[in-house]
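Take a look at the structure below.
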């Protein structure tokens, strides 16, 4: 993984990112969505801080079971993307709101098959849907983003059916919180967390609601 990542949205106010026109009607209890936005260490850190998110697991999606491991996925030849499986309570946070965080803070959705210096299809921007409702809302929101002009380039996020989610190796889970001084985390995850705290203070878990957010 590289040591730098350019995130054009970091300096764009939250108010410029459109609100989804509607929210999914989801049953009470728990729901989840699988997202790909580059290095899963950093995207995981963002979503773990969101109030209503109950669990985030890093993993792989888009390829076969026999190549769902870090060494193989890093070759960029398996079809997998590095993803996070975000479990959340729909009574506290909705699918549409999670999409808004994903597109405004978690990554740069205008970079094709890369995030910063992390290059390859394994770092692609993608939303893996399980229902037609998730697919429709995601596609509608991408269209709305493009029409808003919030980014100077088109959003290239792919909307793909979730065939399977494969959990990543144990040492990749909760990586940023366990390794806050790791150079990549400091260069890539910390700016995202700072943007999240500044733009979404009302949506953070209490332990992340501080002027100087800590990943630990």
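In my numbering, the protein residues as written are 173 to 388. Glycine included, every Cβ here is placed at the ideal spot set by N, Cα and C. Given the structure is predicted, the values throughout are model-derived calculations rather than measurements.
Which class does residue i belong to by DSSP, given the choice of helix, strand or coil?
{"i": "residue 259", "result": "strand"}
{"i": "residue 310", "result": "helix"}
{"i": "residue 299", "result": "strand"}
{"i": "residue 287", "result": "strand"}
{"i": "residue 279", "result": "coil"}
{"i": "residue 226", "result": "strand"}
{"i": "residue 360", "result": "helix"}
{"i": "residue 385", "result": "Any answer about residue 385 is weak, because its pLDDT of 41 lies below 50 and its placement is not dependable; what the coordinates show is given next. The answer is coil: DSSP assigns residue 385 none of H, G, I, E or B."}
{"i": "residue 175", "result": "Confidence is the limiting factor: at residue 175 the pLDDT is only 31, short of 50, which leaves the residue's position unreliable and the question unanswerable from this model."}
{"i": "residue 254", "result": "strand"}
{"i": "residue 268", "result": "helix"}
{"i": "residue 273", "result": "helix"}
{"i": "residue 196", "result": "coil"}
{"i": "residue 236", "result": "coil"}
{"i": "residue 181", "result": "Low per-residue confidence applies at residue 181: pLDDT is 48, beneath 50, and the placement is therefore not dependable, though the value from the model is reported in the following sentence. In the structure shown, residue 181 sits in a helix (DSSP, three-state: H, G or I)."}
Out of the options, point me to the one whose CA is closest to residue i's CA.
{"i": "residue 374", "options": "190, 203, 222", "result": "222"}
{"i": "residue 261", "options": "305, 200, 242, 283", "result": "200"}
{"i": "residue 328", "options": "316, 298, 357", "result": "298"}
{"i": "residue 195", "options": "355, 305, 218, 289", "result": "305"}
{"i": "residue 245", "options": "203, 278, 270, 292", "result": "292"}
{"i": "residue 359", "options": "243, 335, 264, 290", "result": "290"}
{"i": "residue 310", "options": "208, 236, 271", "result": "271"}
{"i": "residue 333", "options": "355, 369, 303, 370", "result": "303"}
{"i": "residue 275", "options": "345, 186, 352", "result": "186"}
{"i": "residue 345", "options": "277, 220, 278", "result": "220"}
Looking only at its own chain, which residues have a Cβ that is under 6 Å from the Cβ of residue i, when we skip the five neighbours before and after it?
{"i": "residue 295", "result": "210, 286, 287"}
{"i": "residue 337", "result": "206, 231, 233, 257"}
{"i": "residue 198", "result": "262"}
{"i": "residue 254", "result": "212, 294"}
{"i": "residue 347", "result": "213"}
{"i": "residue 316", "result": "190"}
{"i": "residue 239", "result": "250"}
{"i": "residue 192", "result": "268, 313"}
{"i": "residue 330", "result": "298"}
Can you round the beta-carbon distance between residue i and residue j to whole angstroms, since I take them to be within the 8 Å contact cut?
{"i": "residue 228", "j": "residue 216", "result": "5 Å"}
{"i": "residue 273", "j": "residue 218", "result": "7 Å"}
Can you give me the start and stop residues for the alpha helix (DSSP H) that residue i sits inside?
{"i": "residue 216", "result": "212 to 220"}
{"i": "residue 245", "result": "242 to 245"}
{"i": "residue 336", "result": "Neither: residue 336 is in no alpha helix (DSSP H) and is coded neither H nor E."}
{"i": "residue 348", "result": "347 to 350"}
Just reading off the beta strand (DSSP E) that residue i is part of, what are its end residues?
{"i": "residue 207", "result": "203 to 209"}
{"i": "residue 333", "result": "330 to 333"}
Apart from the five residues on each side of it in sequence, which residues of its chain come closer than 7 Å, Cβ to Cβ, to residue i?
{"i": "residue 322", "result": "184, 188, 189"}
{"i": "residue 284", "result": "328"}
{"i": "residue 307", "result": "301, 331"}
Return the chain-ordered list of same chain residues with a C-beta closer than 8 Å to the C-beta of residue i, the five sequence neighbours on each side being excluded.
{"i": "residue 341", "result": "241, 242"}
{"i": "residue 397", "result": "Limits of the chain in this structure are 173 at one end and 388 at the other, which puts residue 397 out of reach."}
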